[in-house]
Amino acid sequence: AQTVTQSQPEMSVQEAETVTLSCTYDTSESDYYLFWYKQPPSRQMILVIRQEAYKQQNATENRFSVNFQKAAKSFSLKISDSQLGDAAMYFCAYGALSGYALNFGKGTSLLVTP
Amino acid sequence: DAGVIQSPRHEVTEMGQEVTLRCKPISGHDYLFWYRQTMMRGLELLIYFNNNVPIDDSGMPEDRFSAKMPNASFSTLKIQPSEPRDSAVYFCASSRWGPGELFFGEGSRLTVL
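So the sequence lines, in the order shown, correspond to chains A and B. Under this note's numbering, the first residue of the first sequence carries the number 349, and numbering increases by one thereafter. Under this note's numbering, the first residue of the second sequence carries the number 44, and numbering increases by one thereafter.
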């Protein structure tokens, strides 16, 4: 079974600074997708960024970027110029191309301080 | 286009009562998923459907849990009888294809007293 591990239960960053959230996963598949989801206090799960394993280039969405290390099975999320609205739970998720559902990590709670 | 719609948003019930959670997926999405979120266990997949057919229900914790998808625009998750340990947020999500991007509903927070 594929597992997703987020080793940082909580992280804190000052406004305008940069923070990196870690995620590792375990799989024997070669084709898969990785995702970062954000869950603010409103509870709504929102997709932040997606990475296809076959792409060597790291995905970027505005202030959000990933560092995808396929050999190391690592998928970290970097948030630049952090804003108060970035405060939320962040979940890393894995989906095998041969499968159907996403497996989620336990999440990292991000606190943004003024 | 409307997103995934879940109801009720909040449900408080007493132990032993039947609970029914409802979900309307995004039109055109072939996959529907039910997840449960708790502090201890995080997000757990309960069951998912492809074209209204249940594909994998191995995550359903007990026989007290059942899920149906009678048509492409409606699914239910039923707990009968409910127990306090069922208290959680239940999410419904849909996607165009299996491991693709999931679109989540706002979740149903269930409290069983």
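Built from N, CA and C at the ideal position, the CB exists for glycine as well.
Go to residue i, then tell me how far its beta strand (DSSP E) extends in each direction, as first and last residue.
i: residue 110 of chain B; result: 108-114
i: residue 57 of chain B; result: Segment: none, residue 57 of chain B is in no beta strand (DSSP E) and carries neither H nor E.
i: residue 65 of chain B; result: 62-67
i: residue 415 of chain A; result: 412-417
i: residue 73 of chain B; result: From DSSP, residue 73 of chain B is part of no beta strand (DSSP E); its letter is neither H nor E.
i: residue 91 of chain B; result: 85-93
i: residue 405 of chain A; result: Segment: none, residue 405 of chain A is in no beta strand (DSSP E) and carries neither H nor E.
i: residue 460 of chain A; result: 456-461
Can you check whether the C-beta of residue i is within less than 7 Å of a C-beta belonging to chain B?
i: residue 381 of chain A; result: yes
i: residue 454 of chain A; result: yes
i: residue 399 of chain A; result: no
i: residue 359 of chain A; result: no
Helix, strand or coil for residue i? Go by DSSP, reduced to three states.
i: residue 443 of chain A; result: strand
i: residue 128 of chain B; result: helix
i: residue 425 of chain A; result: strand
i: residue 433 of chain A; result: helix
i: residue 149 of chain B; result: coil
i: residue 156 of chain B; result: coil
i: residue 121 of chain B; result: strand
i: residue 398 of chain A; result: strand
i: residue 420 of chain A; result: coil
i: residue 136 of chain B; result: strand
Checking contacts by CB at 7 Å: is residue i closer than that to chain A?
i: residue 133 of chain B; result: no
i: residue 232 of chain B; result: One cannot answer for residue 232 of chain B here, as it falls past the ends of chain B, which runs 44 to 156.
i: residue 71 of chain B; result: no
i: residue 97 of chain B; result: no
i: residue 104 of chain B; result: no
i: residue 124 of chain B; result: no
i: residue 149 of chain B; result: yes
i: residue 85 of chain B; result: yes
i: residue 142 of chain B; result: yes
i: residue 89 of chain B; result: no
i: residue 145 of chain B; result: yes
Per DSSP, residue i forms a beta bridge with which residues?
i: residue 97 of chain B; result: B:92
i: residue 352 of chain A; result: A:373
i: residue 438 of chain A; result: A:386 and A:456
Could you tell me which uninterrupted alpha helix (DSSP H) segments, each at least 4 residues in length, are contained entirely in the region 355-394 of chain A, listed from first to last along the chain? Those alpha helix (DSSP H) runs which fall completely within the region 355-394 of chain A and span 4+ residues do not exist here.
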